Structure formats: C-alpha cells, structure tokens
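Quick note on numbering: the sequence shown equals residues 2 to 218 in the numbering used here.
Glycine included, C-beta positions come from ideal geometry on N, C-alpha and C.
Remember, predicted model here, so these are calculated numbers, not experimental data.
Below: the structure, in structure tokens.
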Amino acid sequence: AKTLAAIVPVTLELMEDVSNFPQIVENAIAAAMGVKLDYACLSGSGAASEPKGVYTYTTVNSVTTVGYPTSYAEVSDAVSEILTDNFPDDVSELSWIQDPRDAKTFDQMTDTTSQPLRPTPWVAKLKQFNTTAIDTDLGSGAESWACVGDFREMVIGMRTSGVVIRLIDAGQVTDETSVTHNAVSELKYFIIAHLRADLALLRPAWFCKLTGIIGPA
C-alpha cells in the first residue's frame with residue numbers, strides 16, 4: 002500500500018476561540034486529502050509512496066498529440082478506442098475528466114458562424130468532471146492531458162481503516178503556495194493526516210488518456 006499525507010496548519014487562536022473548530026478541521030482535512038487522492042488516482046507516478054494513476058498505466062488506451070483543441074474529434078476518438086475494446090454499456094456510462102483550463106477551451110469553441118460548437122453525439126453523452134489534479138506543465142511546459150473512462154472499473158483499497166490524524170506543535174512546513182508556517186514562532190499547530198491505500202484499474206482498456214493538450218497562449 003502507498004501512503005498519502007496532508008498537513009493542515011491551524012492557529013492557536015482558531016483552536017481556542019472557534020466553537021465549531023472540529024467541523025472546520027474535518028472540512029479542511031477532507032479537502033486536503035481529497036486533492037491528494039484525486040491526484041494519485043489520475044496522475045500518480047507509482048514511485049516511492051505514490052500510487053500509480055491512470056496517466057502512468059501503460060495498458061490504457063491513448064490518443065496522443067492532441068494540440069490546441071479546435072473540435073471534439075480527439076475526444077470522440079477516445080470513446081472509439083474504448084468501444085473497440087468491447088465496452089458493453091452505453092457511452093453515457095463513461096466519464097470525461099480534464100483540467101478546468103482545458104474545459105474552458107472546449108467550452109469556448111465556436112463553429113464557422115461563431116456559434117458555440119456542438120459536441121458529437123458520443124461526446125454529448127459523456128459525464129464531464131473538472132479537477133486541478135491533472136498536471137498542466139507537461140511536455141513543452143504547457144501541455145496537459147485528459148481522460149475518458151469507466152471509473153466504475155477503478156478500485157481503491159484502503160490499508161488503514163480511514164484517515165489517521167496526529168497533532169504536532171513544533172517544526173515548520175511549506176505549503177503548496179510556498180508559504181512557510183512555523184509552529185513555535187507563529188503559535189500554530191500542524192494537523193497531520195495520512196491514509197495508506199492503493200488503486201487498480203480492473204479493465205485498463207476501458208480507459209483512454211488524451212495527451213499533449215496545449216492550453217491558450
């Protein structure tokens with residue numbers, strides 16, 4: 002099993018003065034661990050403590066070098082790859098997951114009359130989800146990827162019975178925005194949460210990644 006961890010800094014004043022502090026902590030941990038687990042499921046490298054996500058699986062289908070999207074053709078190609086591998090259900094059971102940057106690009110596509118571009122029948126049936134757990138700095142530095150798949154075929158196995166939480170009152174951490182938090186000098190506590198889990202794709206062929214998606218200049 003792999004280990005996913007998150008640290009939530011909280012101030013002494015927050016702990017002592019806010020009546021609903023436990024609920025605030027619960028929400029913060031849920032948000033932090035949710036982002037970690039989303040990233041692992043989609044983009045995890047499989048190295049060290051990180052589970053192997055869809056992007057790293059070598060047995061999923063792929064549509065490569067998408068470029069800057071101007072149509073839904075590549076997304077339709079991804080559906081075709083999955084159907085060719087004997088996906089038995091309706092296309093509406095598949096999901097299309099992408100970064101909000103690329104969702105905006107597709108949303109703003111227009112036809113020759115400057116009207117919003119209609120998706121193909123297959124693409125129109127897909128359930129769409131957006132997440133920042135997809136890297137947008139791949140390839141040349143501005144490339145991302147997306148995934149079409151049957152996420153009922155992704156299973157997550159938990160080694161621990163849930164999220165394990167510890168409270169630390171010393172040391173310092175740097176968050177994802179490069180802000181450093183010092184427990185002693187800033188009168189803060191660090192709530193450390195971790196879970197041990199792994200994931201697997203039961204039918205990798207029912208997933209297809211679209212790579213080399215370029216964002217707006």
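Just the C-alpha distance for Asp199 and Ala7, rounded to the nearest angstrom, thanks. Translated into the one-based positions of the sequence shown, residue 199 becomes position 198. Translated into the one-based positions of the sequence shown, residue 7 becomes position 6. Those two C-alpha atoms are separated by around 16 Å.
Expressed to the nearest angstrom, what Euclidean distance is found between the alpha-carbon atoms of Ser145 and Val80? Along the sequence shown, read from residue 1 onward, the residue named residue 145 stands at position 144. Along the sequence shown, read from residue 1 onward, the residue named residue 80 stands at position 79. Those two C-alpha atoms are separated by around 19 Å.
Would you call Ser141 buried or exposed, if buried means 16 or more other Cβ atoms sit within 10 Å of its Cβ? Position 140 of the sequence shown holds residue 141. Residue environment analysis places Ser141 among the exposed positions, since fewer than 16 neighbouring C-beta atoms fall within 10 angstroms of its C-beta.
Looking at C-beta atoms only, is the number of pairs between the region 99-109 and the region 47-63 that lie closer than 8 Å three or more? Cβ pair count under 8 Å is below three, so no.
Euclidean distance between Cα positions of Ser93 and Trp207: Taking the sequence shown and counting its residues from 1, the one referred to as residue 93 is at position 92. Taking the sequence shown and counting its residues from 1, the one referred to as residue 207 is at position 206. For Ser93 and Trp207, the distance between alpha carbons rounds to 13 Å.
Write down every uninterrupted run of the beta strand (DSSP E) in the region 117-154 whose length is 3 residues or greater and which is fully enclosed by it, in chain order. If only uninterrupted beta strand (DSSP E) runs of at least 3 residues are considered, those enclosed by the region 117-154 are 128-131, 144-150.
Kindly indicate which residue of Thr12, Leu13, Ala74, Arg160 has the alpha-carbon position closest to the one of Ala2. By 1-based counting over the sequence shown, the position of residue 2 is 1. The shortest Cα separation from Ala2 among Thr12, Leu13, Ala74, Arg160 belongs to Arg160.
Residues sharing a beta bridge with Val174, DSSP: Here residue 174 refers to the residue found at position 173 of the sequence shown. Val174 pairs with His182.
What does a CB cutoff of less than 6 Å around Gly88 pick up in its chain, not counting 5 residues either side in sequence? Along the sequence shown, read from residue 1 onward, the residue named residue 88 stands at position 87. The question names Gly, but residue 88 in the sequence shown is Phe. Taken in chain order, the residues that qualify are Trp207.
Classify Thr85 as helix, strand or coil using the three-state DSSP reduction. Reading the sequence shown from its first residue, position 84 is the one you call residue 85. Here Thr85 sits in helix by DSSP.
Indicate the three-state DSSP secondary structure (helix, strand or coil) for Gln99 in the structure shown. To locate residue 99, count along the sequence shown from 1; it is residue 98. Reduced to three states, the DSSP call for Gln99 is strand.
Within 10 Å of its beta-carbon, does Phe267 have 16 or more other beta-carbons around it, so buried, or fewer, so exposed? The first residue shown for the chain is 2 and the last is 218, placing residue 267 beyond what the model contains.
Taking just the CA atoms, how far does Cys42 sit from Val156? Your numbering for residue 156 matches position 155 in the sequence shown. Your numbering for residue 42 matches position 41 in the sequence shown. So the alpha carbons of these two residues sit roughly 10 Å apart.
Between Ile215 and Ala143, is the Cβ-Cβ spacing less than 8 Å? As a first step, residue 215 is located in the sequence shown; it is residue number 214 there, counting from the start. As a first step, residue 143 is located in the sequence shown; it is residue number 142 there, counting from the start. Yes; because the gap between Cβ atoms is below 8 Å, this pair is in contact.
Is Val55 closer than 8 Å to Gly172 when the C-beta atoms are compared? For the purposes of this step, residue 172 is taken as the residue at position 171 of the sequence shown. For the purposes of this step, residue 55 is taken as the residue at position 54 of the sequence shown. Not closer than 8 Å, so no.
So, at 7 Å on beta carbons, what are the nonlocal neighbours of Gln129 in its own chain, with the 5 sequence-adjacent residues on each side left out? In the sequence shown, residue 129 corresponds to position 128, counting from 1. Closer than 7 Å at the Cβ level, and outside the excluded window around Gln129, lie Trp97.
Can you grab the Cα-Cα spacing for the pair Ser115 / Pro70, in whole Å? Mapped onto the sequence shown, residue 115 falls at position 114. Mapped onto the sequence shown, residue 70 falls at position 69. Distance between Ser115 and Pro70, taken at the CA atoms: about 16 Å.
Expressed to the nearest angstrom, what Euclidean distance is found between the alpha-carbon atoms of Gly213 and Ile135? The residue you call residue 213 lines up with position 212 of the sequence shown. The residue you call residue 135 lines up with position 134 of the sequence shown. The straight-line gap from Cα to Cα measures roughly 12 Å.
DSSP beta-bridge partners for Asp199? In the sequence shown, the residue the question calls residue 199 occupies position 198. According to DSSP, Asp199 bridges with Gly158.
Which of the three DSSP states, helix, strand or coil, is assigned to Val61? Here residue 61 refers to the residue found at position 60 of the sequence shown. Val61: coil per DSSP, three-state reduction.
In whole angstroms, give me the CA-to-CA distance for Ser179 and Asp90. Residue mapping note: residue 179 aligns to position 178 of the sequence shown, counting from 1. Residue mapping note: residue 90 aligns to position 89 of the sequence shown, counting from 1. Their Cα atoms are separated by approximately 45 Å.
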